[in-house]
Amino acid sequence: MKRTVVPFGPQHPVLPEPLVLDLVLEDEKVVDAVPTIGYIHRGLEMMVERVEYSEMGFVAERICGICSFMHGMGYCVSLESIMNVEVPERARWLRVIWAEISRIQSHLLWLGLGADAFGFENLFMDCWRMREEILDIFEKTTGGRIIHSVNRIGGVKRDVSDSELAAILVKLEDLGRAFDRTAGVFANDPSIHHRLAGVGVLSATDARAVDAVGPMARASGVVMDTRLSGTSGYDQLDFEPVTETAGDCLARVVVRMREVRQSVDLVRQAIARMPKGEGLPLETRPRGNPAGETFTRLEQPRGEVLYYVKANGTKNLERFRARTPTFANIPAMIKLVKGCDLADVPNIILTIDPCISCTER
Amino acid sequence: MANPLRLPMAPRALRNLVSRPSTRRYPDEVRPRFEGARGTIEFDVETCNFCMLCMRRCPAAAIRVAREERIWSIEHLTCVGCNVCVEVCARKSLTMSRDSKPVHTRADVGPLGQRPGHEEWHGADPATAATPSLPAAAAVSQLPTAAPAPIAAAQAPSAAG
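In order, the protein sequence lines correspond to chains A and B.
This note's numbering numbers the first residue of the first sequence as 47 and each following residue consecutively.
This note's numbering numbers the first residue of the second sequence as 278 and each following residue consecutively.
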């Protein structure tokens, strides 16, 4: 049969960011997909040569506008492990709280974008209205809505008072209840089922074979969550990774919806466990320049992120590298796109939650 | 969520018909930014000693300090609002204001092609600072391209940047 190549992106209504796929079609079926990345490469990793290590965290945070908190935190955790800095306990818990709130923010953003992609404008607005309340929490506690700039090597820059934490928890639990109603729409609406159920099925074996990470792997039944390794206080929290077994687009939506509720619960546990009081230490100042190298793994909203940092005893690092979750999920996406209908391609691409600016840095 | 019509969004859609909108009537009604929000860098040239620490630590290279000529300048569109310069300033010359400046437009581009959002201050010459008649601090929007303008060329304070 004659083959047709349809370019998908860099400009496409469902794509928030420029990803390019050359789709090779036979009739309406996609037989091959060739991805091209590099449209928004900004050379942030190269900036370690100019920006001093103590300020590089603010640059690292700008890798992505959605998981910005986690990128800043990942950089600081890497430097703390090189320089053997012990983070004060309250600062560690504050990081967990902000990280989980940013996970809620990211998932709400994605659920909205997903609803927009399959044409449910109403639901898109509903998710983003809830996300706005989370952004207000961020502006109140960190000073920035998207770029928080609150992590520093050795701790955090700002404290959140106990009364404010209690108010945040009340707000999050209200939001969780409101979200349950929205989740019901995702779970029960027949038009959503029609578009998502049974589309783009990734089996657990395939998920392992193509090294899918994060919600993508968990929707296929692979129990995989970097938080289980217990870094930065997660070992003291009681949680089970959210998994689904279907592995289709709907399962990936459901995993993220359940993770929103799980994150609210983790914030509640973290607030209960953190040391209370005013004026507790928030940071340990590192001494000297870093020397050595390290790997750091974190669970971002999109999956596992890996940082490699190499320092040579000067003010500027020798190498800073981030392997982002979207990069790890692109092979899984290509695998799913092959053999599907052209009309399902937007939904499959969107359900991996692509973050191209992370991937290209 | 047992809904006989299988339209789970319907109750909310009906409620939205009669409830107030979730959004504000934006240009008429603006929510003030929260306490501690990071907006724009503000500078006090009177207290600055041009030590250049803010310039060295700025991750975005938005600040330029010419110690000899005593010029302190910032590109507001390059500034990322990380607050580092405010934290390192020993003389407390820098503060972070809560509000952001209005959007910079093409009309802000200066006659010499300066970028919109550029703002600079000329400090008093230490040799002549004792003379009270000299305009010690003037925020000017004109940026000399290569050679720094002499202090006397500092124009009247204008709404820079």
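Glycine residues also receive a C-beta, built at the ideal position from the N, C-alpha and C atoms.
Partners in chain B for residue 235/A, counting only beta-carbon separations shorter than 9 Å: Looking up residue 235/A in the first sequence gives position 189. Per Cβ cutoff of 9 Å: 283, 284, 285, 286.
| Grouping DSSP H, G and I as helix and E and B as strand, with all else coil, what is residue 258/A? | Looking up residue 258/A in the first sequence gives position 212. Coil at residue 258/A, not helix or strand.
**OP:** Thinking residue 227/A and residue 164/A are a contact (beta carbons under 8 Å), I'd like their distance in whole angstroms, please.
**Re:** Indexing the first sequence from 1 puts residue 227/A at position 181. Indexing the first sequence from 1 puts residue 164/A at position 118. Not a contact, Cβ separation roughly 19 Å.
* **Identity of the residue in 93/A, 52/A, 295/A nearest residue 36/A by Cα** => Because chain A is modelled from 47 through 407, residue 36/A falls outside the range shown and cannot be assessed.
Cβ neighbours of residue 408/B in the same chain (closer than 6 Å, five flanking residues each side left out): In the second sequence, the residue the question calls residue 408/B occupies position 131. Only weak support exists for where residue 408/B lies, its pLDDT of 42 falling under 50; the value from the coordinates is given anyway. Counting only Cβ-Cβ distances below 6 Å, and skipping sequence neighbours, we find nothing.
Q) Under the three-state reduction of DSSP, which class applies to residue 299/A: helix, strand or coil? A) Within the first sequence, numbered from 1, the residue matching residue 299/A stands at position 253. Residue 299/A falls in the helix class under three-state DSSP.
Any contact between the region 163 to 177 of chain A and the region 136 to 144 of chain A? By contact I mean 3 or more CB pairs, one from each, below 8 Å.
no
Check: Taking only beta-carbon atoms, is residue 311/B less than 8 Å away from chain A?
Finding: Locating residue 311/B in the second sequence gives position 34, counting from the first residue. Yes, contact with chain A.
Notebook entry, point to check: Do the CB positions of residue 23/A and residue 95/A come within less than 8 Å of each other?
Noted result: Chain A is shown only over 47 to 407; residue 23/A falls outside these bounds and no answer can be derived.
Proximal residues of chain A, C-beta to C-beta of residue 361/B below 9 Å
In the second sequence, counting from the first residue as 1, residue 361/B sits at position 84. Under the 9 Å cutoff, chain A gives 100, 101, 104, 195.
Requested in this report: Taking only runs that begin and end inside the region 57 to 136 of chain A, name each unbroken beta strand (DSSP E) of 3 or more residues, in chain order.
Outcome: 66 to 72, 75 to 82
Check: Going by C-alpha distance, which of 88/A, 123/A, 84/A, 391/A is nearest residue 103/A?
Finding: Here the question's residue 103/A lines up with position 57 in the first sequence. For the residues 88/A, 123/A, 84/A, 391/A, the minimum Cα distance to residue 103/A belongs to 123/A.
- 8 Å Cβ cutoff, residue 299/B in contact with chain A: Here residue 299/B refers to the residue found at position 22 when the second sequence is read from its first residue. Chain A contact via Cβ: present.
inquiry  = Please return the same chain residues whose Cβ sits closer than 6 Å to the Cβ of residue 211/A, not counting the five positions on each side in sequence.
reply    = Here the question's residue 211/A lines up with position 165 in the first sequence. Correct list, in chain order: 317.
- Task: May I ask you to list the residues that DSSP assigns as paired with residue 346/B?
- Result: Translated into the one-based positions of the second sequence, residue 346/B becomes position 69. Looking at the DSSP assignment, residue 346/B forms no beta bridge with any residue, so it has no partner.
**Message:** Rounding to the nearest angstrom, what Cα-Cα distance links residue 292/B and residue 284/B in this structure?
**Reply:** What you label residue 292/B is simply residue 15 of the second sequence in a count that begins at 1. What you label residue 284/B is simply residue 7 of the second sequence in a count that begins at 1. Cα to Cα, the separation comes out at about 14 Å.
Next item on the list: Give me the Cα-Cα distance between residue 279/A and residue 294/B, rounded to the nearest whole angstrom.
Entry: Counted from its first residue, the first sequence places residue 279/A at position 233. Counted from its first residue, the second sequence places residue 294/B at position 17. Computed Cα separation, rounded: 45 Å.
Residues from the region 162 to 179 of chain A in contact with chain B, defined by Cβ distance under 9 Å = Taking 9 Å as the upper bound on Cβ-Cβ separation, chain B lies near residues 166, 168, 169, 171, 172, 175, 178 of the region 162 to 179 of chain A.
Practice problem: Assuming residue 336/B contacts residue 105/A (C-beta within less than 8 Å), just tell me the rounded distance between them. | Solution: Here residue 336/B is taken as the residue at index 59 of the second sequence, counted from 1. Here residue 105/A is taken as the residue at index 59 of the first sequence, counted from 1. With 8 Å as the limit, residue 336/B and residue 105/A qualify as a contact, their Cβ atoms being about 5 Å apart.
Just to confirm my understanding: we take residue 148/A, look at its own chain, exclude 5 residues before and 5 after, and list those with CB closer than 6 Å. What are they? Translated into the one-based positions of the first sequence, residue 148/A becomes position 102. Closer than 6 Å at Cβ, skipping near neighbours: 115.
Residues of chain D with a CB under 9 Å from the CB of residue 227/A: which are they?
-> The structure shown contains no chain D; its protein chains are A and B.
Practice prompt. Kindly give me the distance between the Cβ atoms of residue 120/A and residue 310/A, rounded to whole angstroms, as I take these residues to be in contact under 8 Å.
Written response: Translated into the one-based positions of the first sequence, residue 120/A becomes position 74. Translated into the one-based positions of the first sequence, residue 310/A becomes position 264. The Cβ separation is near 23 Å, so there is no contact.
Along chain B, in chain order, which residues have C-beta atoms closer than 7 Å to that of residue 97/A? As a working mapping, residue 97/A is identified with position 51 in the first sequence. In chain order: 336.
Cβ-Cβ distance between residue 264/A and residue 345/A below 8 Å = The count along the first sequence starts at 1 and reaches residue 264/A at position 218. The count along the first sequence starts at 1 and reaches residue 345/A at position 299. No, these two residues do not count as a Cβ contact at 8 Å.
Item to complete: Only counting runs of 3 or more residues, tell me where the beta strand (DSSP E) segments fall wholly within the region 352 to 405 of chain A, in order along the chain.
Response: Taken in chain order, the whole beta strand (DSSP E) runs of length 3 or more contained in the region 352 to 405 of chain A are 365 to 369.
Worksheet item: chain B partners of residue 217/A, CB-CB under 9 Å?
Response: Counted from its first residue, the first sequence places residue 217/A at position 171. Under the 9 Å cutoff, chain B gives no residues; its nearest Cβ is about 14 Å from residue 217/A.
Notebook entry, point to check: Rounded to a whole number of angstroms, what is the C-alpha to C-alpha distance between residue 394/B and residue 146/A?
Noted result: Numbered from its first residue, the second sequence carries residue 394/B at position 117. Numbered from its first residue, the first sequence carries residue 146/A at position 100. Cα to Cα, the separation comes out at about 35 Å.
CB-CB under 6 Å to residue 369/A, same chain, minus the five flanking residues each way: which ones, in chain order? One-based indexing of the first sequence puts residue 369/A at position 323. 352, listed in sequence order.
Residue 246/A vs residue 61/A beta-carbon contact at 8 Å: Translated into the one-based positions of the first sequence, residue 246/A becomes position 200. Translated into the one-based positions of the first sequence, residue 61/A becomes position 15. Contact: no.
When the cut-off is 8 Å and only beta carbons count, does residue 409/B lie next to chain A? For the purposes of this step, residue 409/B is identified with residue 132 of the second sequence, where counting begins at 1. Residue placement at residue 409/B cannot be trusted, given a pLDDT of 42 that sits under 50; what the coordinates show is reported in the next sentence. Residue 409/B does not count as touching chain A.
query = residue 402/A to residue 374/A, Cα distance in whole Å?
reply = Looking up residue 402/A in the first sequence gives position 356. Looking up residue 374/A in the first sequence gives position 328. C-alpha separation (whole angstroms): 12 Å.
query = Any beta-carbon of chain B closer than 8 Å to the one on residue 350/A?
reply = Taking the first residue of the first sequence as position 1, residue 350/A is located at position 304. No, its Cβ sits nowhere closer than 8 Å to a Cβ of chain B.
Give a yes or no on whether 8 Å exceeds the smallest Cβ distance from residue 345/A to chain B. In the first sequence, counting from the first residue as 1, residue 345/A sits at position 299. So, not an interface residue.
What does a CB cutoff of less than 6 Å around residue 304/A pick up in its chain, not counting 5 residues either side in sequence? Your numbering for residue 304/A matches position 258 in the first sequence. Taken in chain order, the residues that qualify are 288.
Hey, does residue 357/B have any beta-carbon neighbour from chain A nearer than 8 Å?
Residue mapping note: residue 357/B aligns to position 80 of the second sequence, counting from 1. Closer than 8 Å to some Cβ of chain A, the Cβ of residue 357/B qualifies, so yes.
**Prompt:** From the beta carbon of residue 315/B, is the nearest beta carbon of chain A less than 8 Å away?
**Reply:** Reading the second sequence from its first residue, position 38 is the one you call residue 315/B. By this cut-off, residue 315/B is an interface position.
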